[in-house]
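Participant:
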Amino acid sequence: MHSEFSPRQDTDPVLELCGISKSFSGVSALKDVSFSLGTGEVLGLIGENGAGKSTLIKILSGIHSSDSGEIRYCGSQITVSNPAQGLRLGIAAIHQELAYCGSLTVAENMMLAEAWPRLKWGGVDWTKLHGQACLRLQEFGLNLDTQQLCRELSAAEKQELSIARALSLNAKLLILDEPTASLSEPEIKRLFDRLAQLKKQGVSMIYVSHRLEEVLSFVDRICVLRDGEQVGLYPVEEASIPRMIRDMVGRPLNQVFPRTRESFQGTELLRVEGLGRDGLFQDISFQVNAGEMVGLGGLVGAGRSELARALYGLYPVDSGAIKLRETILNSKSNACDRLQRKMVYVPEERKKQSLVLDHTLFNSICIGFSDLAARFGFIPPSFEQKKTEHCMERYRIRATGFDQSVGTLSGGNQQKSILARWLERKPDLIILDEPTRGVDIAAKMEIHSLMDQLAADGKGILLITSDLQELLGMSDRILVMCQGRITTELKGDRMTEDNVILAASDLLTPSTEIK
Amino acid sequence: MKKLKLLQLGHFFLWIAILLSGTSCGVKQESGPLSNQGSEDGAGDSQQVIAMLPKLINIDYFDACNRGAAEAASDLGIRLIYDGPSEPSGSEQNKFMDTWIRQGVDAICIAPNQPKTIRRFVEKAQAAGIKVFTWDSDAVESGRDLMISQVEESELGEMLMDEIAGQMNGKGEWAIAIASLDAANLNAWRRYAEARALAKYPEMILVDTVLTKEDENYARQKVETLLNAHPNLKGIIAFDSNSVPGAAEALKTTGKSGSIALTGCSTPSKMRPYLNQNILKSFFLWDPSALGDLTVRVAHAVLSGKELKEGTAIPGYGPIRFSKEDSKTVILSDPIRFTKDNIDEFDFGI
Amino acid sequence: MTSPWTVNLKSRLAGRYSRFLLQRIGFLLIGNAILLILIYMMIQEGGSFREVVLRAGPNVAPTVLAGFALTVIIYTGAIDLSIGSIIVVAGTVFGVLSAQESGPIVAFVGCLITTCVLCSFNGWLIHRLAIPAIIVTLGGLTFYRGIALILADIGMENFSGFISITNESYQWPGKKLAGFILLFGTLTALVLEWYSRTIRHFLALGSSEEACQILGLNPGAILQKAFFVSGCFLSAAALVYVTRLQTIEPSRMARGFALESSVPWWLEALIFSEVKAVSSERYWEHFFFIL
Amino acid sequence: MKQFILPAILISEIIFFTWIGDYTFKSPEDFLRYFQSYSADLLTQSAPVLLAAFGMTLILATAGIDLSIASMIALISCVMSSFDGDVSFWWKAVPLGLLVALVLGLTNGSLIAVLDVPPIIATLGTMILFRGLCFTVMGDLEKSPFFDVPGYEWFGRFPGALLLISLVYLGLGAGYHYSRKKRELLMIGGNPIAARYAGIPVDRRLIQVYVFSGFMAFLSAVCFTARNSSVSGSSLTGMELQVIAAVILGGTRVQGGYSSLSGTFFGVFIIAVLDEGLRGAAGWGEENLPFKLSYLQYVLIGIILIGGVWMNTHLPFPKKNAKSS
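Chains as they are written, first to last, in this note's numbering: chain A, 497 to 1011; chain B, 399 to 748; chain C, 89 to 379; chain D, -4 to 320.
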């Protein structure tokens, strides 16, 4: 894409950063970052979680202020003290956390910080407001009811809404932080079409993503951050995925999916028969054996997570039976009981479903297994102390100490602390729901080798993931769900990317199958 | 983590240590009678300290009592502590008793909100050599030394009933407005009034009793509702100083002031406008500052070792009068009936 | 056949509210109607229904106006428990001014300004101290009452727990105009609710402070504004409340006022399991009060 | 450092109010005697609030609130007061009071956990309901059988109340800190969804917490009636605010997710000492203030509440360096 429109190095750069540094209560988050951005240029900003990407973006959009360094924008030095000022200057950002107000309508969200059309006497002209909002959405190719409340939208729609809003601001500089995180293929395509169009119009962009292929295909230059330091700045022509990974992690990664174990079939751990719950999934039957890693593939919304939660006892089921080892789990059995029976579930949304963000790491880890050590209901404090130390070491959780609140940890460390919480129970059956979403590449590696280790130790693992590479690389066999049913089981040679994609849309037939 | 918890527990143990070190001596102190500790307190050895505890402070009635008491105290050269809770609560009053017993005052005069709750504290005070008096509202069972009452309770209840019956010509529907059902003196009057009605005015029907929560505004609304609910209502007795003006205001706003009789106990300054507008004919009260004054003087007299009986002259007051029903109750005066004509003759300051 | 007018109305209404909210308003109107009928049936023989309804207006005026004030604050996700005590301070200022014979208008203005200023001060405190509104205003609940008492004690000679308002000319807003003030307040609230962008900003702050900031709004300023607007409503409430009283007793007046004014909110939250409403729901208040 | 703020406030309060109080010490023994009876009074006065506040701390930890606590204590006392004040009181009224307490707690708990009513609404409702029941039980009477029950008074007295509080505090502290309960409750308060996902039986725990609070209400009722020896329908109105204010001052977070039992302990006493101090310093007030001292109480409680919470959350004390691996 960049070939059509290479950056004009002769013109003044839109944005220049010189030696930006920032630290939070003594911990340095950014050290001396400098780069410049030409008109219509797209800069890819990559780095592991916690490398300082978000901090940099927040400084640029005015949420944080930098400790030192200067920002030159369109030739003059500026300090962005709040987002409103940034917007006035023409710097628009799409943040990783979805920024929307749930109790306002789509139109109101769209226009929130701008002037609203007024009636003659000063009241808001709603007809015009909704008209304008509608127009902007259509420009982006989005067809939403502008009177809908924002909280009723799906995650993808919310994401698209915030993108559409940022794009409609006529910004000169657009900052995109993981814009494709919760979008599906057609939506991503629409986004890139629109971005390409804007680029042609001379809008400069800073693009942040963990999806390295995406970065390679879209950006002109790449800036790599590691531990707050800028470790690389090179044009995309010189970039390759291995180089990017090496720069991000600081060492070469040879193997993305470390499989050390032999595929072996142990005893049956879990058997599910004819499981169904109205509107979510139907007629689910499968089994998981000890030492086996079963992948569960499919599109978002196919009912995978719902199935997992039902297996874990968070929902009642309408029909069917779940057999864990020798016992049939009845309707009275809840999550608490599943835990006693050595089954654990690591949910997909860390912040919502696993963590209390301001609790300490110590508490967060101990909640998982401390009851195992209880004597007459009392837990010896030294036990927890030792165990937590052991966990931090074994799972390589990097934190300033036990007392650090988990909300301030990076995504990878949060995920590792959750794994520690559950794996220290020594479970037999582990359900992992998107274990590496939003996790940086090094942590991802660690988690993968941990999973491999677990399977080799004879645990049964049910892996739900939307990451095809991960699904294919880690699983012994793959079940593909589509619209609440398991449509296909893939084994051995049949486990290919194309087959999974086809099966996910229920299009896999012997004739379409690719060997 | 561990360290932190121990520290927190440590705080607690520190406290226990302080308290326990006190236990042994504390018990001794409480079991043995205190030898006139009161005289050790205050500026000079000779100065008596009298603590007065109204039902609640910051309201006009008890503030007037305070003024009378303060004058008497400066007249007699003794020190007066006049303090109380800001809510009419019995358990809050007990806290004041605690404080004063510890400080070693010579006498405590209390207007109890809940007469039965002070019993233990009266005992505690008396064990410490402190005289306890009740005023305004009595606590018979508590073993207090004397009661200083504003009026004879039966007398006031009957007077109110006679007044309203006279205005209603002895027949028709009538209703009661009262602050609450657990204020002892108000309800004593109410009971005497009801008994009088049963005995003497068979044609009068009590239709409703509304509770006004010591709030004038609330009283007005409740009485408005009452008037609407009972269109044949002919008379209202309002027993406390918030209910009467509230009811009067209600009569005024609903335009029924001529047709419904109203009387009760309230203060002149609140009622003056209504009397002048002929919304009601009369109301009753005693002089609250005189009540404060008498209480302090009686307490002083007892502390000085005087024998009190019917007709004993108290300095600055004159001969005192005892209740016919209780030999330990001193009566201030007859209730005063206020009308349009005589209201300007009195200046109670409230 | 649909006339153009209804179409117009439909689209206009829909423009302001989502269908969900419109349904809810409908529900409330029906609920109120049922309550009215119930009251009608409960009135005993000889009682006048008309009178009950007419009298209810002025009687509930302070609570309803304070309810509007609280609504604005609850929109932003905060709460103000101290409104009762703020009214007490306003009442005391009014009482002291009237006792000094400063003229009715001065006393009214003093009352209005005090309320507004204290409300804004609450907003400022919450913003500056960055601790939850519920704690700041719980502290304010007792703090302001104490301030009122001290003010009265210093401002008046021989303050004996109450200030008596004897001059009728100090009472016309409460006694004569309460209904009109309520009407005016309700209209203002409705107009704000339907035609104001500011109110949407309050709601935005209530749903997500972070989002507000990212979208280029200033949360602190919005909060401050919300408390100011709330102060305006509350000052009307205070004026009506205070001028309906014969005597002002700082230690006892307006107790439990915050709770009373927020009752509709709790009901609302109970029925719809979320706190998010339109001002017109204040009518709840009206009817519960009569009951 | 942070954990010293509240004790520091408390101690400076005690020193300040001893200094301005209406009592002049003649000798060290005199001082000691005064201080002993001061501690005893303070403790017996605060015992009901303190016990209720312990229950409330756990409730606030789960992001709940119990506005009905005062009505509940009053209702338990009212029920107990309908028995005769003799020895049989011990096996008739006391067990019944306990039963009522548990039932009331269960009512709150099931409303909140099973019927999913928001705590503030559920307990606002039960607050009015319980108060109504108080008046139904009592009518307009004030009853005092407690006075005549042999041995009952002991719980309202110094060593009895202290013993009760110490037992509860130590038992609760140990049970809370050294078991999973604390973490579970805090997780429920901090993130109920995550708590469910972590296999915590949320509904059961919530019910347990409210029933426990009911039990604390019972103990509180015992302390209250043993000390005040009588009860009426309107007893203890407004106490819920005292309890909640003390717990919040102690550093427990209203939004749930953080709680501190020792903080509650200090919170209760900070308010009680302030109260007691102003009560005992009327003479100083008369001489030095242009207004009545009792007015100052409102102001000071407000300031201490806001200031205490602010210091608890904001003061930038150097973070202690925990061992990290």
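Beta carbons: idealized from backbone N, C-alpha and C, even for Gly. Since this is a predicted model, take the numbers as computed values, not measurements.
(1) Nearest CA to the CA of glycine 934 of chain A: which residue from A/Trp622, A/Asn666, A/Thr601, A/Lys847?
(2) So if I threshold CB-CB distances at 9 Å, which residues from the segment 119 to 138 of chain D count as touching chain B?
(3) Using only the alpha-carbon positions, how far apart do tyrosine 730 of chain A and glycine 598 of chain A sit?
(4) One question on the structure: do glycine 179 of chain C and alanine 236 of chain C come within less than 9 Å of each other, judged by their Cβ atoms?
(5) At the 9 Å Cβ level, is proline 671 of chain B part of the contact set with chain C, yes or no?
(6) Would you mind telling me which residues of chain C sit closer than 7 Å to glutamine 619 of chain B, beta carbon to beta carbon, in chain order?
(7) So, does the segment 46 to 65 of chain D touch the segment 111 to 129 of chain D, judging by three or more C-beta pairs under 8 Å?
(8) Work out the CA separation of proline 629 of chain B and leucine 110 of chain D for me, nearest whole Å.
(9) Once the 5 residues before and after phenylalanine 714 of chain A are set aside, which same chain residues still bring their CB inside 7 Å of it?
(10) Report the rounded CA-to-CA distance for phenylalanine 315 of chain C versus leucine 200 of chain C, giving the unit in angstroms.
(11) Can you look up leucine 667 of chain A in the DSSP assignment and give me helix, strand or coil?
(12) Relative to the alpha-carbon of arginine 670 of chain B, which residue among C/Ile193, C/Glu281, C/Thr335 has its alpha-carbon at the smallest distance?
(13) Quick one: using the 10 Å Cβ neighbour count with 16 as the cut-off for buried, is threonine 961 of chain A buried or exposed?
(14) Start and end of the beta strand (DSSP E) containing threonine 727 of chain B?
(15) So what's proline 1006 of chain A in DSSP terms, helix, strand or just coil?
(16) Going by the C-beta, is valine 935 of chain A closer than 8 Å to any heavy atom of the ligand SAM?
(17) Can you give the Cα-Cα distance for lysine 313 of chain C and glycine 618 of chain A, rounded to whole angstroms?
(18) Select from the segment 460 to 481 of chain B all residues with a C-beta closer than 9 Å to any C-beta belonging to chain D, and list them in chain order.
(19) Between the Cα of isoleucine 542 of chain A and the Cα atoms of A/Gly791, A/Pro876, A/Leu721, A/Pro509, which residue gives the shortest distance?
(20) Please identify, using Cβ separations under 9 Å, the residues of the segment 204 to 215 of chain C that lie next to chain D, in order along the chain.
(21) Compare the C-beta of glutamine 301 of chain C against all C-beta atoms of chain A and say whether one is closer than 9 Å.
(22) Assuming the contact rule is C-beta atoms closer than 8 Å, leucine 180 of chain D and threonine 102 of chain D should be a hit. Round their C-beta distance to whole Å, please.
(23) In chain B, which residues lie with their C-beta within 7 Å of the C-beta of alanine 277 of chain D?
(24) Go to arginine 890 of chain A, then tell me how far its alpha helix (DSSP H) extends in each direction, as first and last residue.
(25) Under 9 Å, do leucine 706 of chain B and valine 696 of chain B count as touching if we go by C-beta distance?
(26) Using a Cβ-Cβ cut-off of less than 9 Å, list which residues of the segment 276 to 294 of chain C approach chain A; keep chain order.
(27) At the 9 Å Cβ level, is alanine 108 of chain D part of the contact set with chain A, yes or no?
(28) Hey, would you say threonine 532 of chain B sits closer than 9 Å to alanine 505 of chain B, going by beta carbons?
(29) Please identify, using Cβ separations under 7 Å, the residues of the segment 238 to 258 of chain C that lie next to chain B, in order along the chain.
(30) Please report the straight-line C-alpha distance between asparagine 615 of chain B and phenylalanine 213 of chain D, rounded to a whole angstrom.
(31) Rounded to whole angstroms, what is the Cα-Cα separation between leucine 792 of chain A and glutamate 1009 of chain A?
(32) Rounded to whole angstroms, what's the CA-CA distance from valine 425 of chain B to glutamine 524 of chain B? Just pull it up for me.
(33) Name the residue from C/Ile122, C/Asn147, C/Arg288 whose alpha carbon lies nearest to the alpha carbon of threonine 652 of chain B.
(34) Would you decide whether glutamate 245 of chain C is buried or exposed? Buried here means 16 or more other CB atoms lie within 10 Å of its CB.
(35) Can you tell which of D/Tyr147, D/Phe26, D/Leu284, D/Tyr18 has the C-alpha that lies nearest to the C-alpha of serine 76 of chain D?
(36) From the DSSP output, in three-state form, read off glycine 633 of chain B for me.
Facilitator: Looking at the atomic coordinates:
(1) Residue numbering aside, residue 934 of chain A sits at position 438 when the first sequence is read from its first letter. Taking only the C-alpha atoms, the option nearest glycine 934 of chain A is A/Lys847.
(2) Phe130, Met133, Gly134, Asp135, Leu136, Glu137, Lys138
(3) Counting from one through the first sequence, the residue named residue 730 of chain A turns up at place 234. Counting from one through the first sequence, the residue named residue 598 of chain A turns up at place 102. Spanning the two alpha carbons is a distance of roughly 41 Å.
(4) Here residue 179 of chain C refers to the residue found at position 91 of the third sequence. Here residue 236 of chain C refers to the residue found at position 148 of the third sequence. Contact: yes.
(5) One-based indexing of the second sequence puts residue 671 of chain B at position 273. So, interface residue.
(6) As a working note, residue 619 of chain B is residue 221 in the second sequence. Within chain C, the residues near glutamine 619 of chain B are Asn147.
(7) yes
(8) The sequence position of residue 110 of chain D within the fourth sequence is 115, counting from 1. The sequence position of residue 629 of chain B within the second sequence is 231, counting from 1. Their Cα atoms are separated by approximately 44 Å.
(9) The count along the first sequence starts at 1 and reaches residue 714 of chain A at position 218. Same-chain partners within the cutoff: Met497, Val538, Phe688, Tyr703.
(10) Against the third sequence, residue 315 of chain C aligns to sequence position 227. Against the third sequence, residue 200 of chain C aligns to sequence position 112. Roughly 14 Å between the two C-alpha positions.
(11) Counting from 1 along the first sequence, the entry for residue 667 of chain A is found at position 171. With the sequence shown as reference, residue 667 of chain A is identified as alanine, and leucine is not the correct amino acid for it. DSSP places alanine 667 of chain A in coil when its eight states are reduced to three.
(12) Along the second sequence, read from residue 1 onward, the residue named residue 670 of chain B stands at position 272. Looking at the Cα atoms, C/Thr335 is the closest of the given residues.
(13) Translated into the one-based positions of the first sequence, residue 961 of chain A becomes position 465. So threonine 961 of chain A counts as buried.
(14) Residue numbering aside, residue 727 of chain B sits at position 329 when the second sequence is read from its first letter. Taken as a continuous stretch (DSSP letters only), the beta strand (DSSP E) holding threonine 727 of chain B covers 727 to 729.
(15) Position 510 of the first sequence holds residue 1006 of chain A. Three-state DSSP puts proline 1006 of chain A in coil, outside helix and strand.
(16) By its list of ligands, the structure shown contains no ligand whatsoever, and the ligand SAM lies outside what it can speak to.
(17) By 1-based counting over the third sequence, the position of residue 313 of chain C is 225. By 1-based counting over the first sequence, the position of residue 618 of chain A is 122. Near 18 Å, if we compare the C-alpha coordinates of glycine 618 of chain A and lysine 313 of chain C.
(18) Arg477, Ile479, Tyr480, Asp481
(19) As a first step, residue 542 of chain A is located in the first sequence; it is residue number 46 there, counting from the start. Cα-wise, what sits closest to isoleucine 542 of chain A is A/Leu721.
(20) Leu213
(21) To locate residue 301 of chain C, count along the third sequence from 1; it is residue 213. Yes, because at least one Cβ of chain A sits closer than 9 Å to the Cβ of glutamine 301 of chain C.
(22) As a first step, residue 180 of chain D is located in the fourth sequence; it is residue number 185 there, counting from the start. As a first step, residue 102 of chain D is located in the fourth sequence; it is residue number 107 there, counting from the start. Contact flag wrong, Cβ pair sits at about 20 Å.
(23) What you label residue 277 of chain D is simply residue 282 of the fourth sequence in a count that begins at 1. Going along chain B in sequence order, the residues near alanine 277 of chain D (Cβ under 7 Å) are Ile479, Asp481.
(24) For the purposes of this step, residue 890 of chain A is identified with residue 394 of the first sequence, where counting begins at 1. The continuous alpha helix (DSSP H) containing arginine 890 of chain A extends over residues 877 to 890.
(25) For this step, residue 706 of chain B is matched to residue 308 along the second sequence. For this step, residue 696 of chain B is matched to residue 298 along the second sequence. Going by C-beta atoms, leucine 706 of chain B is nearer than 9 Å to valine 696 of chain B.
(26) Val279, Trp282, Tyr283, Ser284, Arg285, Arg288, His289, Leu291, Ala292, Leu293, Gly294
(27) For the purposes of this step, residue 108 of chain D is identified with residue 113 of the fourth sequence, where counting begins at 1. Not an interface residue.
(28) Taking the second sequence and counting its residues from 1, the one referred to as residue 532 of chain B is at position 134. Taking the second sequence and counting its residues from 1, the one referred to as residue 505 of chain B is at position 107. For threonine 532 of chain B and alanine 505 of chain B, no; Cβs fall outside 9 Å.
(29) Ser248, Gly249, Phe250, Ser252, Thr254
(30) Position 217 of the second sequence, counted from the first residue, corresponds to residue 615 of chain B. Position 218 of the fourth sequence, counted from the first residue, corresponds to residue 213 of chain D. Those two C-alpha atoms are separated by around 36 Å.
(31) In the first sequence, counting from the first residue as 1, residue 792 of chain A sits at position 296. In the first sequence, counting from the first residue as 1, residue 1009 of chain A sits at position 513. Taking the straight line joining both Cα atoms gives about 19 Å.
(32) Taking the second sequence and counting its residues from 1, the one referred to as residue 425 of chain B is at position 27. Taking the second sequence and counting its residues from 1, the one referred to as residue 524 of chain B is at position 126. Bear in mind that a pLDDT of 42 at valine 425 of chain B, under 50, signals an unreliable position, so the number given afterwards is only what the model happens to contain. Distance between the alpha carbons of valine 425 of chain B and glutamine 524 of chain B is about 17 Å.
(33) Translated into positions along the second sequence, residue 652 of chain B becomes position 254. Nearest C-alpha to threonine 652 of chain B: C/Asn147.
(34) The residue labelled residue 245 of chain C in the question sits at position 157 within the third sequence. It counts as exposed.
(35) Walking along the fourth sequence from the start, residue 76 of chain D turns up at place 81. Closest option to serine 76 of chain D, Cα to Cα, is D/Tyr147.
(36) Here residue 633 of chain B is taken as the residue at index 235 of the second sequence, counted from 1. The three-state reading of DSSP puts glycine 633 of chain B in strand, counting E and B together.
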